[in-house]
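Numbering (full-length UniProt numbering), first residue to last: 1 to 391.
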């Protein structure tokens with residue numbers, strides 16, 4: 001793709017995705033809850049920190065490789081689970097998993113994916129599976145068993161979706177279930193014939209991992225998505241995490257804990273990692289960013305679990321700041337979906353190539369050759385300089 005070859009950063013790929021997608025789909029991808037303050041804060045938090053630039057260090061050999069969730073990763077980055085990826089490109093989750101495998105980074109498949117657990121297993125990607133605590137615990141158990149049977153090395157439980165956030169962009173465009181598109185939305189679909197034709201040809205679009213579990217719901221006038229949304233369990237507690245820990249022998253990850261006390265509770269329940277996340281700013285608005293809480297979380301849990309920063313990551317410097325503040329790595333969602341929308345598998349590969357080159361170059365400029373060498377001494381908060389005139 002000619003456009004991808006001239007995309008030199010995530011923002012460039014985002015622009016390509018914006019041109020490829022009809023407005024309702026673009027807003028679904030980009031939108032956050034309420035006033036989208038938290039969505040913006042996720043990004044802004046990285047700007048509160050500066051990196052140390054050390055000189056006259058031998059950086060002739062730089063290795064950004066590390067271990068996360070039991071996987072060996074070519075860089076401290078993984079791909080977050082995102083629902084319904086075929087909304088953005090007909091190749092969907094399969095293209096993302098293939099690009100992840102080629103780049104040597106872990107890929108998370110969502111329960112709400114439009115590609116099955118079994119199909120993604122065949123890509124050979126280092127993979128983990130994301131699920132929810134459904135009201136129907138047998139549905140949760142069945143998904144867990146399928147993931148275990150098909151070589152998913154970790155299980156990622158999302159805990160911040162007891163109810164859906166207020167995503168007003170979707171309400172305005174009609175991108176809800178069932179859809180109620182406005183005239184402007186319909187005109188946007190018509191103005192993007194390539195996307196629209198791809199969507200029409202893509203007859204496999206469905207929630208592939210739950211469609212076989214819901215039985216004959218059509219006669220009741222309920223869609224699969226309606227059924228799944230109704231299954232989110234508002235009564236779930238830490239006791240349910242302990243139940244899940246007893247069922248799963250692999251790495252267990254909690255996604256959506258952000259308060260230090262909750263992260264400690266997760267570790268006490270036996271989880272191996274916490275994906276520190278506010279769901280990309282799509283749930284509770286005015287919540288803090290993962291980076292805001294990261295040092296306090298690491299201080300609270302010590303080395304008892306891995307920490308993955310999820311939210312606002314757009315540059316290699318963001319990844320290195322997160323590591324310096326206590327993370328083992330970062331995960332991205334929207335950036336790889338920009339790549340998917342812009343060019344399918346090639347677009348995702350471009351995003352991962354950009355991150356890899358940025359991380360390696362920035363490590364060299366910091367005077368660091370291994371991820372393990374990056375510590376709290378490699379960052380300073382901007383307030384330190386503002387409080388010392390003349391610095």
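All C-beta atoms, glycine included, are put in the ideal place defined by N, C-alpha and C.
None of these values were measured; they are calculated from a predicted model.
What does a CB cutoff of less than 7 Å around residue 151 pick up in its chain, not counting 5 residues either side in sequence?
-> The count along the chain shown starts at 1 and reaches residue 151 at position 151. Hits under 7 Å: 121.
Starting from the C-beta of residue 88, find all residues in its chain whose C-beta is less than 6 Å away, skip the five residues before and the five after it, and write them out in chain order.
-> Position 88 of the chain shown, counted from the start, is the residue given in the question as residue 88. Cβ neighbours of residue 88 beyond the five flanking positions: 337, 340, 341.
Spell out the partners DSSP gives residue 310 in its beta bridges.
-> Along the chain shown, one-based indexing puts residue 310 at 310. Beta-bridge pairing links residue 310 to 277, 331.
What residue does the beta strand (DSSP E) around residue 87 start on, and which one ends it?
-> In the chain shown, the residue the question calls residue 87 occupies position 87. Residue 87 -> no beta strand (DSSP E), and no H or E assigned at all.
Within this structure, are the beta carbons of residue 131 and residue 140 separated by less than 8 Å?
-> Taking the first residue of the chain shown as position 1, residue 131 is located at position 131. Taking the first residue of the chain shown as position 1, residue 140 is located at position 140. Result yes, Cβ atoms of residue 131 and residue 140 sit closer than 8 Å.
For residue 417, I'd like the list of residues in its chain whose CB is within less than 6 Å of its CB, leaving aside the five on either flank, ordered along the chain.
-> With the chain represented from 1 up to 391, any question about residue 417 goes unanswered, as that position is not in the structure.
Just checking my contact of residue 155 with residue 171 at CB under 8 Å: how many whole Å lie between their CB atoms?
-> Stepping through the chain shown from its first residue, residue 155 is reached at position 155. Stepping through the chain shown from its first residue, residue 171 is reached at position 171. With 8 Å as the limit, residue 155 and residue 171 do not qualify as a contact, their Cβ atoms being about 33 Å apart.
In chain order, what residues of the same chain have a beta carbon less than 6 Å from the beta carbon of residue 32, not counting five sequence neighbours either side?
-> Translated into positions along the chain shown, residue 32 becomes position 32. The answer, listed in chain order, is 39, 281, 282.
Which residues bound the beta strand (DSSP E) around residue 165?
-> If you number the chain shown from 1, residue 165 lands on position 165. Looking at the DSSP string, residue 165 is not in any beta strand (DSSP E), and its letter there is neither H nor E.
4 or more residues per run - each alpha helix (DSSP H) lying fully within the region 73 to 126 | 92 to 103, 117 to 121
Start-to-end residues for the beta strand (DSSP E) that takes in residue 49 | Taking the first residue of the chain shown as 1, we reach residue 49 at position 49. From DSSP, the beta strand (DSSP E) with residue 49 extends over 49 to 51.
Count the other CB atoms within 10 Å of the CB of residue 61; is the residue buried (16 or more) or exposed (fewer)?
-> The residue given as residue 61 occupies position 61 in the chain shown. Classification for residue 61: exposed.
Are the CB atoms of residue 209 and residue 116 nearer to each other than 8 Å?
-> Here residue 209 refers to the residue found at position 209 of the chain shown. Here residue 116 refers to the residue found at position 116 of the chain shown. Yes, the pair counts as a contact, with Cβ atoms nearer than the cut-off.
Taking residue 99 as the reference, give the member of 313, 376, 27, 351 with the closest Cα.
-> By one-based count along the chain shown, residue 99 stands at place 99. If we check each option's Cα against that of residue 99, 351 comes out closest.
Please name the residue or residues paired with residue 154 in a DSSP beta bridge.
-> Stepping through the chain shown from its first residue, residue 154 is reached at position 154. According to DSSP, residue 154 bridges with 128, 251.
Can you tell me the Cα-Cα spacing of residue 249 and residue 236, whole angstroms?
-> Taking the first residue of the chain shown as position 1, residue 249 is located at position 249. Taking the first residue of the chain shown as position 1, residue 236 is located at position 236. Roughly 21 Å separates the two Cα atoms.
Start and end of the beta strand (DSSP E) containing residue 66?
-> Taking the chain shown and counting its residues from 1, the one referred to as residue 66 is at position 66. From DSSP, the beta strand (DSSP E) with residue 66 extends over 66 to 68.
Using beta-carbon positions only, say whether residue 34 and residue 285 come within less than 8 Å of one another.
-> Here the question's residue 34 lines up with position 34 in the chain shown. Here the question's residue 285 lines up with position 285 in the chain shown. It is a contact, given that the beta carbons lie within the stated cut-off.
Residues bridged to residue 134 (per DSSP) | Counting from one through the chain shown, the residue named residue 134 turns up at place 134. Bridge partners of residue 134: 232.
Residue 262 (DSSP reduced to helix, strand or coil) = As a working mapping, residue 262 is identified with position 262 in the chain shown. Here residue 262 sits in helix by DSSP.
Count the other C-beta atoms from every protein chain shown that fall within 10 angstroms of the C-beta of residue 216, then say buried if there are 16 or more, exposed otherwise.
-> Walking along the chain shown from the start, residue 216 turns up at place 216. The predicted model places residue 216 with a pLDDT of 40, which falls under 50 and marks its position as unreliable; any figure quoted below should be read in that light. Residue 216 is exposed by the Cβ-count criterion.
Which whole-angstrom value is the C-beta distance of residue 241 and residue 157, which I expect to be below 8 Å?
-> Position 241 of the chain shown, counted from the start, is the residue given in the question as residue 241. Position 157 of the chain shown, counted from the start, is the residue given in the question as residue 157. Their Cβ separation, rounded to whole angstroms, is 7 Å, which keeps residue 241 and residue 157 in contact under 8 Å.
Output the distance between the C-alpha atoms of residue 70 and residue 25, rounded to the nearest integer angstrom.
-> Within the chain shown, numbered from 1, the residue matching residue 70 stands at position 70. Within the chain shown, numbered from 1, the residue matching residue 25 stands at position 25. Residue 70 and residue 25: Cα-Cα distance of roughly 34 Å.
Which residues DSSP lists as bridging residue 386, in chain order | Here residue 386 refers to the residue found at position 386 when the chain shown is read from its first residue. Answer is none; residue 386 lacks a bridge partner.
So what does DSSP say about residue 41, is it helix, strand or coil?
-> For the purposes of this step, residue 41 is taken as residue 41 along the chain shown, with counting starting at 1. Three-state DSSP puts residue 41 in a helix.
Express the C-alpha separation of residue 96 and residue 86 in angstroms, rounding to a whole number.
-> If you number the chain shown from 1, residue 86 lands on position 86. If you number the chain shown from 1, residue 96 lands on position 96. Looking at the two C-alpha atoms, the distance is approximately 10 Å.
So, residue 78 versus residue 68, is the Cβ gap smaller than 8 Å?
-> As a first step, residue 78 is located in the chain shown; it is residue number 78 there, counting from the start. As a first step, residue 68 is located in the chain shown; it is residue number 68 there, counting from the start. Yes.
Expected contact under 8 Å - CB spacing of residue 298 and residue 326 to nearest Å = Locating residue 298 in the chain shown gives position 298, where the first residue counts as 1. Locating residue 326 in the chain shown gives position 326, where the first residue counts as 1. Between residue 326 and residue 298 the Cβ distance is about 3 Å, and since that is below 8 Å, they are a contact.
Under a three-way DSSP split, which group does residue 71 fall into?
-> Within the chain shown, the letter at position 71 stands for residue 71. In the structure shown, residue 71 sits in a strand (DSSP, three-state: E or B).
With a Cβ-Cβ cutoff of 8 Å, do residue 329 and residue 66 count as a contact?
-> Taking the first residue of the chain shown as position 1, residue 329 is located at position 329. Taking the first residue of the chain shown as position 1, residue 66 is located at position 66. Yes, these two residues count as a Cβ contact at 8 Å.
Unbroken beta strand (DSSP E) run spanning residue 379, endpoints = Walking along the chain shown from the start, residue 379 turns up at place 379. Counting along the chain, the beta strand (DSSP E) containing residue 379 begins and ends at 379 to 381.
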